[in-house]
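Heads up: take any position in the sequence shown, counting from 1, add 1, and you land on our numbering.
Glycine included, each C-beta is placed from N, C-alpha and C at the ideal position.
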Amino acid sequence: MKLSASDFPEVPLLEMHDVHLQEVEMINAIYELIMAIESGKSRRALLDEKLDELLIHTQAHFANEERLMLEANFPPYAMHRNAHNLFLAELQAAVSNWKQEQAIGPIDQFMRFTLPRWMKDHISTMDYVTAGYLANQLRNE
Ligand SMILES: [Fe+2]
Ligand SMILES: [Fe+2]
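Below, the structure is given as structure tokens:
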């Protein structure tokens, strides 16, 4: 099962929504690689590469939201940043575990369940509220 664009709720700030959609594409490409590996194809090095790209993209995604919140003096900044940091640590652990153990099961579980569940929940709550606040501030400038 792949993700579709509508799986991540559309937040009311285009700059943030676009980044989420880019991640849907990257995650789906990773699903294809995992399936290829599960069916015996040698795509392990490519999966390493795509997971690293997702990690870097996610770091930039979070850092940009944090920058926007700081610039806007958004009060729940610390709480939102903390949620990012906790998830980044989980993602980093899942990727380094895959690289060390080369076990496809755990990374498959993480990518298919843990990551999309967290993303949907985070985007529909913290990101949604943050984007609404930022969009409103931009309108009032
Ligand atoms: Fe986000
Ligand atoms: Fe966020």
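Collapsed DSSP secondary structure at residue i in the structure displayed
i      : result
Val25  : helix
Phe75  : coil
Leu4   : coil
Gln103 : coil
Phe9   : coil
Asn65  : helix
Gly133 : helix
Arg140 : helix
Lys121 : helix
Neighbourhood of residue i by C-beta, 7 Å cutoff - its chain only, sequence neighbours within 5 removed
i      : result
Lys100 : Asp49
Phe111 : Ala95
Inter-residue spacing [alpha-carbon to alpha-carbon] between residue i and residue j
i      : j      : result
Lys121 : Leu92  : 15 Å
Ala104 : Ala46  : 13 Å
Trp119 : Asn141 : 32 Å
Ile28  : Leu15  : 20 Å
Ser36  : Ala73  : In the sequence as presented, Ser is not what sits at residue 36; that position holds Met. Near 42 Å, if we compare the C-alpha coordinates of Ala73 and Met36.
Leu3   : Glu66  : Note on identity: in this sequence residue 3 is Lys, with Leu being the wrong assignment. Cα to Cα, the separation comes out at about 26 Å.
Met70  : Leu116 : 23 Å
heavy atom of ligand 4 below 7 Å from residue i C-beta
i     : result
Glu66 : The model depicted lacks ligand 4 and carries ligand 1 and ligand 2 instead.
Cβ neighbours of residue i in the same chain (closer than 6 Å, five flanking residues each side left out)
i     : result
Pro13 : Ala132, Gly133 and Ala136
Val20 : His62
Contacting residues, own chain, Cβ-Cβ under 8 Å from residue i (five flanking each side not counted)
i      : result
Tyr129 : Pro10, Val12 and Pro13
Pro1   : This structure leaves residue 1 out entirely; the chain is present only between 2 and 142.
Ser5   : Val25
Asp164 : Examination of residue 164 is not possible in this model, given that the chain is present from 2 through 142 alone.
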